[in-house]
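Residue numbers (UniProt numbering), protein chains in the order written: chain G, 1 to 84; chain A, 1 to 84.
There are 2 protein chains.
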Amino acid sequence: MYKVKVFVTLRESVLDPQGTVVKSSLHSLNYQEVTDVRIGKYMELTIEKSDQPIDEAVKEMCERLLANVVIEDYRYEIEEAVAQ
Amino acid sequence: MYKVKVFVTLRESVLDPQGTVVKSSLHSLNYQEVTDVRIGKYMELTIEKSDQPIDEAVKEMCERLLANVVIEDYRYEIEEAVAQ
Chain G
1 MYKVKVFVTL RESVLDPQGT VVKSSLHSLN YQEVTDVRIG KYMELTIEKS DQPIDEAVKE
61 MCERLLANVV IEDYRYEIEE AVAQ
Chain A
1 MYKVKVFVTL RESVLDPQGT VVKSSLHSLN YQEVTDVRIG KYMELTIEKS DQPIDEAVKE
61 MCERLLANVV IEDYRYEIEE AVAQ
């Protein structure tokens with residue numbers, strides 16, 4: 001069994017309106033020192049072993065469903081876990 | 001200057017309908033080996049040095065705005081970065 005952590009972030013060149021709102025909310029809470037906020041998604045997947053190599057499977061899932069590769073970047077961490 | 005990564009996830013006991021939908025989408029794409037999906041938020045903050053210790057400031061921001069501590073857990077990583 002694997003525990004996979006997937007991080008999906010907007011590409012640098014893409015505007016992040018949600019991040020802008022969070023930044024101005026932090027400013028109005030008096031955290032003027034915050035100069036930039038970027039918001040992304042974080043996913044934890046639990047995956048059983050299968051015939052397909054895990055690395056290849058996760059890459060495919062990201063490309064096909066989890067990330068919109070036109071405007072988003074993704075990275076992932078795979079951890080082997082002992083079934084409980 | 002600090003780069004701070006914040007991870008906000010739903011507590012274990014809280015249902016994650018968005019994760020359930022992603023899981024069934026993955027199943028319909030033929031990734032039957034995925035047994036669980038949990039979806040959270042990932043935020044990257046850029047913060048200038050200030051009088052308040054960074055660790056304390058980030059904790060406060062999480063508690064006051066970034067996470068809903070009733071149903072969400074958060075953790076963060078602080079990295080000191082050289083201003084460019």
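Glycine included, every Cβ here is placed at the ideal spot set by N, Cα and C. Note that this is a predicted model, so its numbers are computed, not measured.
Helix, strand or coil at A:I54 [DSSP, three-state]: The sequence position of residue 54 of chain A within the second sequence is 54, counting from 1. Assigned with DSSP and collapsed to three states, A:I54 falls in helix.
Going by alpha carbons, who is nearest to A:E72 out of A:E80, A:V34 and A:E63? Taking the first residue of the second sequence as 1, we reach residue 72 of chain A at position 72. Comparing alpha-carbon positions, the option among A:E80, A:V34 and A:E63 lying closest to A:E72 turns out to be A:E63.
A:S13 at chain G interface by Cβ criterion, 8 Å: Here residue 13 of chain A refers to the residue found at position 13 when the second sequence is read from its first residue. By this cut-off, A:S13 is not an interface position.
Does G:Y42 come within less than 8 Å of chain A when only Cβ atoms are used? What you label residue 42 of chain G is simply residue 42 of the first sequence in a count that begins at 1. For G:Y42, a Cβ of chain A is located within less than 8 Å of the residue's own Cβ.
Please identify the residue among A:T46, A:A81 and A:V82 whose C-alpha is closest to the C-alpha of A:V6. Looking up residue 6 of chain A in the second sequence gives position 6. Of the residues A:T46, A:A81 and A:V82, the one whose Cα lies closest to the Cα of A:V6 is A:T46.
Residues of chain A with a CB under 8 Å from the CB of G:R64: which are they? Here the question's residue 64 of chain G lines up with position 64 in the first sequence. Those are L29, listed as they occur along chain A.
Cβ-Cβ separation, A:V8 to A:A67 (assumed contact under 8 Å), whole Å: Walking along the second sequence from the start, residue 67 of chain A turns up at place 67. Walking along the second sequence from the start, residue 8 of chain A turns up at place 8. With a beta-carbon spacing of about 5 Å, A:A67 and A:V8 fall inside the 8 Å limit used to define contacts.
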